[in-house]
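Here numbering that gives the first Met the number 0 is used: position 58 in the sequence shown is 57, and no number is missing along the way.
Shown next, in structure tokens, is the structure this report addresses.
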Amino acid sequence: MMNIVQPGHSGWIEVICGPMFSGKTEELIRRLRRAMIARQNVLVFKPRIDTRFDETNIISHSKLSLPSIPINSAEEILEHVDENTQVVGIDEVQFFDNGIVEICQQLADKGVRVICAGLDQDYRGVPFEPVPQLLAIAEYITKTLAICMVCGNPASRTQRLVKSKERILVGASNLYEARCRKCHTVDE
């Protein structure tokens with residue numbers, strides 16, 4: 000696992016990305032808990048649209064959880080952060096608009112460690128905004144892989160199991176499964 004040492008009072012951006020069921024939220028929770036153990040002032044955010052497991056907590060598929068602040072827009076993060084905030088965690092970052100990129104930049108420039116977790120591709124295998132922009136400005140990037148539910152190979156894609164052309168369709172194993180490049184299909 001990656002060990003990150005914060006030099007002085009500088010901030011930075013970490014991005015944890017990959018397909019569904021690859022452990023992104025679990026890794027986010029692990030990093031945030033370590034910061035809490037170090038007695039750092041931590042704030043955790045999630046998009047209000049993500050109510051799959053809980054209204055307020057971020058919860059991994061393996062049932063790890065952490066209290067969070069549900070928000071509708073990236074700008075709301077700034078309403079909660081103050082001069083004592085040292086670490087900001089953001090789960091399901093792909094559900095925010097591109098304004099999240101500037102918010103993360105501002106926080107890192109102020110000395111905050113910003114840890115984002117989210118899908119880097121949508122169900123079609125297309126880069127999922129705003130994650131590509133966050134990857135470009137992040138100091139640390141972790142790409143997690145799942146296991147393909149068809150062949151057992153490493154999976155980097157999310158297969159939608161229901162017909163819908165909506166880019167955002169919130170769900171879990173009832174709507175999606177992990178797939179490798181070869182087994183991933185897109186219905187047009």
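Every residue gets a Cβ at the ideal spot worked out from N, C-alpha and C, and that includes glycine.
None of the values given here were measured: they were computed from a predicted structure.
Let me check understanding here. Comparing Cα to Cα, which of the options lies closest to residue i?
i	options	result
Asp81	Lys109, Ser67, Ile70 and Asp119	Lys109
Pro46	Val14, Arg178, Glu75 and Gly151	Glu75
Ser155	Ser9, Val113 and Met19	Met19
Lys164	Arg123, His183 and Met35	Arg123
Gly117	Lys62, Thr157 and Asp90	Asp90
Val130	Gly10, Val92 and Arg51	Val92
Asn97	Leu134, Ser67, Arg178 and Leu31	Leu134
Arg180	Arg32, Gly17 and Ala73	Gly17
Gln104	Asp119, Arg33, Val125 and Ala73	Ala73
So, at 7 Å on beta carbons, what are the nonlocal neighbours of residue i in its own chain, with the 5 sequence-adjacent residues on each side left out?
i	result
Asp186	Lys162
Phe94	Pro46, Ile48, Asp49 and Ile167
Cys182	Cys147, Val149 and Cys150
Ala137	Ile12, Glu13 and Val14
Asp121	Phe127 and Arg166
Leu77	Ile102
How about residue i and residue j: do their beta carbons lie closer than 8 Å?
i	j	result
Gly88	Ile70	no
Ile140	Val43	no
Ser59	Ile36	no
Thr106	Ser21	It should be pointed out that residue 106 corresponds to Leu in this sequence rather than to Thr. Cβ distance not < 8 Å, so Leu106 and Ser21 don't count as in contact.
Gln132	Val111	no
Asn83	Ser67	no
Tell me the DSSP secondary structure of residue i in three-state form.
i	result
Phe52	coil
Cys16	strand
Gln120	strand
Leu65	strand
Thr24	helix
Arg112	strand
Ile102	helix
Ala145	strand
Glu91	coil
Leu133	helix
Ala37	coil
Ile76	helix
Leu31	helix
Below 8 Å CB to CB, which residues in the same chain sit around residue i once its five sequence neighbours on both sides are set aside?
i	result
Asp53	Ser64
Glu25	Ser59, His60, Ser61 and Leu63
Leu272	For the chain, the structure presents residues 0 to 187; residue 272 sits outside this window and is missing.
Pro153	Leu144, Ala145, Ile146, Cys147 and Cys179
Could you name the residues of the same chain whose beta carbon sits closer than 6 Å to that of residue i, not counting the 5 residues immediately before and after it, in chain order?
i	result
Glu176	Met148 and Gln158
Gln85	Gln39 and Asn40
His8	Gly110
Gln30	Note on residue identity: the sequence assigns Arg, not Gln, to residue 30. So the qualifying residues of the chain are Ile114.
Do we get a CB-CB distance below 8 Å when we pair residue i with the residues of chain B?
i	result
Glu82	Among the chains of the structure shown, chain B does not appear; only one protein chain is present.
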